[in-house]
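J.:
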Amino acid sequence: LDALMRWMAASDPFEVEARYVETFDRGRATSLHLFEHVHGDSRDRGPALVDLQQTYEKAGLRLEGNELPDHLPVVLEFASTQPQKVAREFLGEMAHILTAIFSALLERESFYASVIAAVLELSGQKVQAVPVAEEPAIDEAWAEPPAFDGCSTRGQASPNTPQPIHIVRKTPASQGAAA
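In our numbering, each number is its position in the sequence shown, counted from 1, plus 807.
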C-alpha cells in the first residue's frame, strides 16, 4: 500500500483519476462491480443485486442514489459495520472474485493490486495470483450476430438459384367472422 500512496502523492491528481478510470472502468477483468465477474450482463445479475441490497437493509445500511450494492467500496463499507467474524466470512465468500481482480491488476503491474491483496488478507484468505482469462475486445463482445447466420439452404433445389414463392390467398370463410 505504501507504493500506491507514494505514487498518488507524487502524481498529478488528474493523472491519478485517469489511471483509476482506465484501470477499473474499462474492461471486465478489473471491474469493481463484483457480480459482473460472476453474472456478466445476464439476467441473473439483477436478482443477485436485489439479494445483496436486502442483506444490507437487514443490517441497517441504506444505499444513496444510484450506488450498486456489488460495488467493492460499498461491499467494504458494509463489512466495516459488521462484527469481525461476520465481516471476514462475508468477504471470504467473495474471495474467488477478489483473487481474479487481484490477478488481473498484478498482470497489469498496477499499484492497486496491493489494495485487493489487503482485502483478501482481511478476509482470512491466501493471497495468490491465478491465471487471468483473456478478455474479448469490447467490439467483439457487443457485436450483433449475422441476421441469417445458420439458415439452412437444405431442401432447396439449388441454393444459388431463384426459388419460386407460392402465395396462397385466404378464402372469406377462413378469414374469421364478418363484421
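Beta carbons are placed, not taken as given, at the ideal position from N, Cα and C, and that holds for glycine.
Specify the secondary structure class of H903 as computed by DSSP and reduced to three states.
T.: Helix, per DSSP.
J.: Nearest-angstrom Cα distance between H878 and R869?
T.: Taking the straight line from one Cα to the other gives about 14 Å.
J.: Suppose the cutoff is 8 Å on Cβ atoms and the five residues either side in sequence are ignored; what does the same chain contact list for I904 look like?
T.: These residues qualify, in order along the chain: L841, H844, V845.
J.: Tell me whether I972 is buried or exposed, calling it buried when 16 or more other Cβ atoms sit within 10 Å of its Cβ.
T.: It is exposed - the Cβ of I972 has fewer than 16 other Cβ atoms within 10 Å.
J.: Out of A940, G834, V934, Y919, point me to the one whose CA is closest to M815's CA.
T.: Taking only the C-alpha atoms, the option nearest M815 is Y919.
J.: Just to confirm the assignment, what range does the alpha helix (DSSP H) spanning A816 have?
T.: 809-817 is the span of the alpha helix (DSSP H), which, as asked, contains A816.
J.: Between N873, L898, G872, which lies nearest to E884 when the distance is taken from Cα to Cα?
T.: Cα-wise, what sits closest to E884 is L898.
J.: If you follow the alpha helix (DSSP H) that I972 is in, where does it begin and where does it stop?
T.: First-last for I972: undefined, no H or E at that position.
J.: Can you tell which of I908, T888, K977 has its C-alpha closest to the C-alpha of D832?
T.: Residue I908 is the option with its Cα nearest to D832.
J.: Inspect the beta-carbon positions of V922 and L811 and report whether they are closer than 8 Å.
T.: Cβ distance < 8 Å, so V922 and L811 count as in contact.
J.: Since Q860 and P876 should fall inside the 8 Å C-beta cutoff, what is the C-beta to C-beta distance between them, to a whole number of angstroms?
T.: Yes, they are in contact, since the Cβ atoms of Q860 and P876 sit about 5 Å apart, within 8 Å.
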